[in-house]
Each structure stands twice: as C-alpha cells, then as structure tokens.
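Which chain is which? The protein sequence lines are A and B, in order. Numbering-wise, the working numbering puts 1419 at position 77 of the first sequence, and it's gapless, one number per residue. Numbering-wise, the working numbering puts 1438 at position 96 of the second sequence, and it's gapless, one number per residue. Contents: one structure, followed by commentary.
Number of protein chains: 2
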Amino acid sequence: MNIGEAASASGVSAKMIRYYEQIELIPPAGRSAAGYRIYSGTDVQMLRFIRRARDLGFQVDAISELLALWRDRSRHSADVKRLAQAQIAGLRLRIAEMESMVATLDHLAQGCSGDDRPDCPILADLESDASRLAPASHSGPGFKR
Amino acid sequence: MNIGEAASASGVSAKMIRYYEQIELIPPAGRSAAGYRIYSGTDVQMLRFIRRARDLGFQVDAISELLALWRDRSRHSADVKRLAQAQIAGLRLRIAEMESMVATLDHLAQGCSGDDRPDCPILADLESDASRLAPASHSGPGFKR
DNA sequence: GATAAGCCTTCCCATGATGGGAAGGTCAAG
DNA sequence: CTTGACCTTCCCATCATGGGAAGGCTTATC
C-alpha cells in the first residue's frame, strides 16, 4: 500500500505520516524498489490508532506511550488508565481556564450597551489593572495547551 | 522608562514587547541616544491592555482591533461588544470540543479495571474504527485554537 | 579611570502539529 | 511513449513565546 492509500485508509494525511515517521512516533516504513513507502494493514491500524488518540486531544508524547502499551501484550491496564486520566485532568484544566474567560467576557459584554455610544465596560476593564474576576494567585492563565 | 521596566510594569515580557512592535501591534517605541527603547506611562497602559486581552484568550488580530477601538474616541460600543461575543463564541466552541473528549475518555476510563491485567477498553476503543460517541458528521475535531 | 554586573540591542533558533509548494522521479493507463 | 497522478525530499509558514549568542551601554564600586 502506498502512502496515499494508507492516508485515506487511516484518516491521517500523507504529510503527517511522514512527519510521524520523522519524529519516530512510528517506525520507518518499508520501501519499494523505487523508494516509495509501503504500508501494511497493521500499519494502517496503527495510524488509525494515532488518529483516534489525537482526536481525543492526546499529544504526541502521550500517544507514543499509548502505542507502546498497545504493543505490549503484558501491559497493565492501570498504566493505560493513568494516561487517560492525566489527559482528562489536562483537558479539565484547560476547560476551566476557558470557562473563566467566558464568564469574565460574558459579564462584561452584558454591561455593554452595544449601540453607537462609545462607553464600554469591556474596554474599561481591559485598561484597568485589577482582574476583578478570578482575583487569585498566579500570573495569568498560561493555557498553552 | 526602559523596556525592562516597561515589562515588569505591564506584565508583558521584554521579548514580547519587541515582538509586538515587530508585528506592528504597537507603534515603534521611541529611542534613547544609545538606541534603547523608551516607554511612557501611556505605553505601559497599552501593554497592560494587551496583556489583559491575551489573558482573556484574544488572539493578536483581535487585540489589534480592540486597540483601535480603544484609541477611537468616537467608537461604537457595538463594535467592541461584537468582538467580545465572537471571542465568547470561539471559546465556547473549543470548550465543547474538549468536553466531548472528556466525556469519551471518562466513559472509557470507567470501563478500565486499572489493575495489572492487560485488557483495557481504552486501547480497544483507540484501535477500533467507529467513534461510538459523537458519531456525527465531520472529519474530526480540528480544535486548533 | 577601570572594571564588573546588569542592563540593552539585533539576530538566529526552537517549540507543536500541520499545511503549502517546488523540483524531480515513478507508475499505470491509454 | 506520453500524460497525469502519484511519490520523493527539501524548504517555508503558521502562532505566540522563550532561549541564547555576540556585542554595546550604564551604573556602581574600587
């Protein structure tokens, strides 16, 4: 199977398949005499696995661990579960950060007349120092993802 | 005021201040005889504005529009409100995507014994074709941010 | 006045996951 | 044997951010 066929069979673009090979997320594909990458059904299954994990928001490092566990027939499901729970925790954290932004913005927008007058609590807030919502600790929601 | 002082007064790193100048989010700073960037209190206020807007998740393009409105004393608050609401909508979209991931993961993790046995519905799911949750339309949650 | 510490400047590189595109080789159908 | 659709590698761009090098400036201390 060509890379193009593997791509459409797995839902991972050819570009990304080459990239995954380059960063060693997947082993180097076999090559035809002419240098074309060749994929087997197993390879496609692995690519689908990756695709699915990405859809669940896993980063490549985590996917790498998941793949290792997937291949390890003597794995402990506890390890898989731990990864999933870490992912859940990460997602919940980012969700919470964004929800806090939404709350602030929604509050401000509600106070904004939204007509042709210039006065606007949104701008007023942005220019003020104190974050009156979430007045806690830290130095700003990193939220890099 | 030096760039370092402006940085600590505004909460925007010196690196980022230079970057914002480079991408023309902010006007070029004045320069001392020796070529050092000089900042006024007004400049710091603008930087704080930017910092605050970033904390609310606005992208640089949107901040650019916000700054223009901020400076425009004959602005219509409707325009500000529109930007805020677009931001809210974008955040809610990303939140929804992530919540769907959490729901899936949580469901799978609950079915996982989490002990030393290898069997695990999480891996089983990743290797299957059909996304049994969110079986709808599209080609995967882009969720680029 | 010399020296050192701590700023500042610009320039280049890296991140993470992805796509775009160019230049050139290959394969399959007509 | 030509044509079009594929493949290869290589480079560039994204977005916001940081790291670091090489060199200049400033300020305080000896």
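C-beta atoms are modelled at their ideal positions from N, C-alpha and C, and glycine is treated no differently.
If you check the CB distance, V1422/B and I1405/A do not come in under 9 Å. Scanning chain B for C-beta atoms nearer than 7 Å to the C-beta of S1455/A yields S1419, reported in chain order. V1354/B and P1460/A have their alpha carbons spaced roughly 27 Å apart. Cβ-Cβ distances below 7 Å link C1454/B to C1462, P1463 and I1464 in the same chain, with the five nearest sequence neighbours on each side left out; the list follows chain order.
V1444/B reaches chain A at I1430, L1433, R1434 and I1437, counting residues in chain order whose Cβ is nearer than 8 Å. Taking the beta carbon of G1399/A as reference, the chain B residues within 7 Å of it are M1440 and M1443, listed in sequence order. Secondary structure at G1346/B: helix, using DSSP grouped into helix, strand and coil. Restricting attention to alpha helix (DSSP H) runs no shorter than 4 residues, the segment 1367-1422 of chain B encloses them at 1383-1397 and 1402-1413, ordered along the chain. If you look at R1459/B, you'll find it isn't in any alpha helix (DSSP H); DSSP assigns it neither H nor E.
When C-alpha distances from K1357/A are compared across A1410/A, T1446/A and L1389/A, the shortest belongs to L1389/A. Exclusion of the five residues before and after I1380/A leaves M1343, A1371, G1372, R1373 and S1374 as the residues of its chain whose Cβ lies within less than 7 Å of its Cβ.
The shortest CA-to-CA distance from G1456/B to any of H1418/A, I1359/A and S1350/A is the one to H1418/A. Contact note: K1357/B does not reach chain A at a C-beta cutoff of 7 Å; the least C-beta distance is about 15 Å. Counting of Cβ neighbours within 10 angstroms places L1435/B among the exposed residues, the total staying below 16. Using a CB distance below 7 Å, the part of the segment 1364-1396 of chain B facing chain A consists of Q1387, R1390, F1391, R1394 and A1395, ordered along the chain.
Interface residue (Cβ-Cβ distance to chain A less than 9 Å): E1469/B is classified as such. Residue-level contact check: D1403/B does not touch chain A, since none of the beta carbons of chain A fall below 9 Å from its beta carbon.
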